[in-house]
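Number of protein chains: 2
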Amino acid sequence: MIKPAANKSRASGRITLAMVAAHAGVATMTASRAITQPDMVSQALRDRVDQAVVELGYVPNRAARALASSQSKVIAVLVPSLSNAVFTEVLAGIQDALDADDYQILIGNTRYSDKEEEKLIGTYLQSNPDGMLLSGLSHSPRVQQILTNSRVPVVSMMDMSTDPSQLTVGFSQVQAGYAMTRYLIDKGHKRIGFLAAQLDERTLRRAEGYRQAMQEAGLLDNKLEVMVGEPSTIALGAELLGRMLAQAPDCDAIFCCNDDLAHGAVYQCQRRGISVPAQLAICGFNDLPASAWMNPSLTTVATPRYRIGYEAAKLLRAVIKGEDPANKQIDLGFTLMARESA
Amino acid sequence: MIKPAANKSRASGRITLAMVAAHAGVATMTASRAITQPDMVSQALRDRVDQAVVELGYVPNRAARALASSQSKVIAVLVPSLSNAVFTEVLAGIQDALDADDYQILIGNTRYSDKEEEKLIGTYLQSNPDGMLLSGLSHSPRVQQILTNSRVPVVSMMDMSTDPSQLTVGFSQVQAGYAMTRYLIDKGHKRIGFLAAQLDERTLRRAEGYRQAMQEAGLLDNKLEVMVGEPSTIALGAELLGRMLAQAPDCDAIFCCNDDLAHGAVYQCQRRGISVPAQLAICGFNDLPASAWMNPSLTTVATPRYRIGYEAAKLLRAVIKGEDPANKQIDLGFTLMARESA
DNA sequence: CTGCCGTATGATATCGCTATCAACATTTCT
DNA sequence: AGAAATGTTGATAGCGATATCATACGGCAG
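Chains as they are written, first to last, in the working numbering: chain D, 1 to 342; chain W, 343 to 684.
Encoded structure:
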């Protein structure tokens, strides 16, 4: 019943599906089905194929599969940073959502650079991905064109879009910035500084929310803004606190555009003997793990990063399957965490 | 001179190399060479091909390339965690080292699980990677066998191996654990606790170093060890500090197996009114960014994570090219950062 | 002028798998 | 019972690139 194994000794020592099929005494196509669509093959043959797979140690060749089926089973994910905990949690959500689906996730780090993003998208397109997850809404015109031409489904993460056709999962950065500023205003602060670094699109949106709230309260003053393009770090937060106090000595509260800066600012206050929040209130953005534990604990905005990744991946998967999702824009909101520092 | 473009309207709307070649009026093979080995093609034809590539917006198909050349240009990287800053810095080093080489990096997160690792390696082997970068030395027997069978070059990162044939880049975790413990002993501490979580192989090696030093000084006492398997977090550090003090109230110093735990322990001391280092010295491991800035600043061991990634990737690249590296074991050492907390 | 050689170009045969349709066996329906 | 529907299996033809070998050509030695 069982034919002898194929012995075309190919150059590559690799075990191929054809060898498995020969070993099991079935056609290659049947072996293929036994592996990828077991329901379509009779129990008896399926068992023989399965056994042959084990005996020969067969490992399918993804490249061949992709080529023949024009389905890469690859999803490309672009994040602006891997050292930022925000995005690693987004990635965790994505991985969990895609876990069982046998998707290969291609993680790209754009380092907050449009050029890098363009380069990465170009590279990833060579892998013919079934879908892409991008961070942010704004991309260079060339990127937009490349994406349109490629017809790859794309879901944008982290912020809400005004374009209703764009698939988006996130929360409104503007509203979050507004909410935090309002909180400080309601606490009675008048001279509220805004400390920002990196100046990526999310930061700029938060700044927008800040200005909106300050404007409404008649408190807007550009002396209260310290914004620099360097990457956001604790060390920079410490430094920028100094710059802020030099620029606006009467400042009574500081809204840092993220927790790293806020941590640095708090530590620096401690070193200078400035008491937080008595003399200066400080708050951050993102609610990193340390924020709840440090002393004083940090008032900040908790953002649903894990869920953003999770829901974005689920949405993308649905679109890849050809479904037309009822909800193209998923707003996951945010939570203001009032703690000791403000 | 230029023939009309090919118009075999393939099912996939994709622009193929054949179309580019037709558009440029050359053979497919010539177009292929013009793109991948430009030196082998005359200036004139090369220009025509380049132009056709741009005009048609040609994107090479990586799967086809991999299949035909049996070179995937993929390097798989396995790390136990993405939320741990240590490994994201390793990744940064890898990316920088491999930047120009047109390698595709497949990042896998094993979540500190042997099973996950096995699964990921199985998946990644389907992509026929040119090489692999693994974290740690110890892998399940099955993984070892799979790797041996696949004949994929592997470089192990993070620790030093005793097997001289194994390609390794890292530093001795045992020595680092020993050094930190000695430091505390030399400072006059007698009851030095060891706080550990996660209990992955690196943590266990550090524990080994700790015990060795304590043994030598005649200070070893298992009441001084608190080790749990849960993931390492700031919150857990805070909790375990309590457990340590309950278990060994006379403890006068604590060596935390990583900075997260140490941060939690320090914060918890502050809440309990225990002064660090006067009443209790605390030190960590890894030197995360916050450690230098928090108050008190944290005594810890700085580890060359970025360089580990960088050198490991360079070593792997050399091996892939067929070179036989003189130095198969690269020890990048570590640095004890003496700060305020101990 | 013949013939050999190195270089640029092209034709063809795979790489390993799946899509597709044909062939046949087995039910189910009228 | 005969036709139609259903379910399995197999043969064949690509998917889009590169490896390999063959061919054409100009240059140079003899």
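The beta carbon of each residue, even a glycine, is placed where N, CA and C say it ideally should be. Fair warning: this is a prediction, and the values are worked out from it, not measured in the lab.
Identity of the residues DSSP links to Leu-106 of chain D by a beta bridge:
D:Ala-76
Taking C-beta pairs closer than 7 angstroms, name the residues in chain D that Met-474 of chain W reaches, listed in chain order.
Correct list: empty, because the minimum Cβ distance to chain D is about 14 angstroms.
Do you know how far the Cα of Ala-376 of chain W is from the Cα of Val-362 of chain W?
11 angstroms
Hey, could you find the ends of the beta strand (DSSP E) Ser-156 of chain D is sitting in?
154-158
Of the choices W:Leu-566, W:Gly-512, W:Ser-411, whose alpha-carbon is the least far from that of Arg-553 of chain W?
W:Leu-566
Would Gly-322 of chain D pass as an interface residue toward chain W - the criterion being a Cβ-Cβ separation below 8 angstroms?
no
By the 10 Å Cβ neighbour count, where 16 or more other Cβ atoms means buried, how is Glu-89 of chain D classified, buried or exposed?
buried
Validate contact between the segment 609-626 of chain W and the segment 466-474 of chain W using beta carbons, cut 8 angstroms, 3 pairs
no
I think Ser-156 of chain D touches Gly-136 of chain D, with their Cβ atoms under 8 angstroms apart; what is that distance to the nearest whole Å?
7 angstroms
Is Gln-95 of chain D helix, strand or coil by DSSP?
helix
Pop quiz: Val-49 of chain D and Val-86 of chain D are said to be a contact at Cβ under 8 angstroms. What is the actual Cβ separation, rounded to whole angstroms?
Contact doesn't hold; Cβ gap of about 46 angstroms is too wide.
If we count the other Cβ atoms within 10 Å of its Cβ and call it buried at 16 or more, is Arg-10 of chain D buried or exposed?
Residue confidence is low: Arg-10 of chain D scores 40 on pLDDT, short of 50, so the model does not pin down where it sits. Its coordinate-derived value is still stated next. By the neighbour-count rule (16 or more Cβ atoms within 10 Å), Arg-10 of chain D is not buried but exposed.
Going along the chain, which residues of the segment 286-300 of chain D sit with their C-beta nearer than 7 angstroms to a C-beta in chain W?
Pro-289, Ala-290, Trp-293, Met-294, Asn-295
Helix, strand or coil for Thr-545 of chain W per DSSP?
helix
Neighbour flag for Ala-92 of chain D against chain W, beta carbons, 8 angstroms
yes
Leaving out five residues before and five after Ser-150 of chain D in sequence, what residues of the same chain have Cβ atoms less than 7 angstroms from its Cβ?
Leu-125
Just confirm the distance between the C-beta atoms of Gln-610 of chain W and Gly-584 of chain W, as a whole number of angstroms; I'd bet it's less than 8 angstroms.
7 angstroms
Ile-75 of chain D to Ser-113 of chain D, Cα distance in whole Å?
21 angstroms
Do the segment 99-113 of chain D and the segment 66-84 of chain D make contact, defined as three or more Cβ pairs closer than 8 angstroms?
yes
Does the beta carbon of Arg-271 of chain D come closer than 8 angstroms to any beta carbon on chain W?
yes
Contact list for Leu-125 of chain D against chain W, beta-carbon separation under 7 angstroms
Val-401
Is Glu-230 of chain D helix, strand or coil when you go by DSSP?
coil
With 8 angstroms set as the bound, which would you pick, yes or no: does the beta-carbon of His-605 of chain W sit closer than that to a beta-carbon of chain D?
yes
Runs of 4 residues minimum, wholly inside the segment 141-191 of chain D: which ones carry the alpha helix (DSSP H) assignment?
141-150, 173-186
Near-chain D residues of the segment 569-582 of chain W - C-beta to any C-beta below 8 angstroms:
Thr-575, Ile-576, Ala-577, Ala-580
Could you tell me whether the segment 588-605 of chain W touches the segment 534-551 of chain W, using the rule of 3 or more Cβ pairs below 8 angstroms?
yes
With a cut-off of 8 angstroms on the beta carbons, I'd call Asp-501 of chain W and Gln-515 of chain W a contact; round off their distance for me.
5 angstroms
Please tell me whether Leu-409 of chain W has its Cβ less than 8 angstroms away from any Cβ of chain D.
yes
Provide the residue(s) that pair with Ser-135 of chain D in DSSP beta bridges, ordered along the chain.
D:Met-157
So that I know if they touch, is there some Cβ in chain W lying closer than 8 angstroms to that of Val-20 of chain D?
no
Please report the distance separating the alpha-carbon of Lys-345 of chain W from that of Ala-394 of chain W.
Any reading at Lys-345 of chain W needs caution, since the residue's pLDDT is 28, under 50, leaving its predicted position unreliable; the model's value is listed next. Those two C-alpha atoms are separated by around 12 angstroms.
Helix, strand or coil: which one does DSSP assign to Thr-677 of chain W?
strand
Give the DSSP bridge partners of Gly-264 of chain D, in chain order.
Beta-bridge pairing links Gly-264 of chain D to no other residue.
Taking the straight line between their C-alpha atoms, what separation do you get for Arg-407 of chain W and Ile-650 of chain W?
31 angstroms
Can a CB atom of chain D be found closer than 8 angstroms to the CB of Thr-677 of chain W?
no
At a Cβ threshold of 8 angstroms, is Gln-71 of chain D touching chain W?
no
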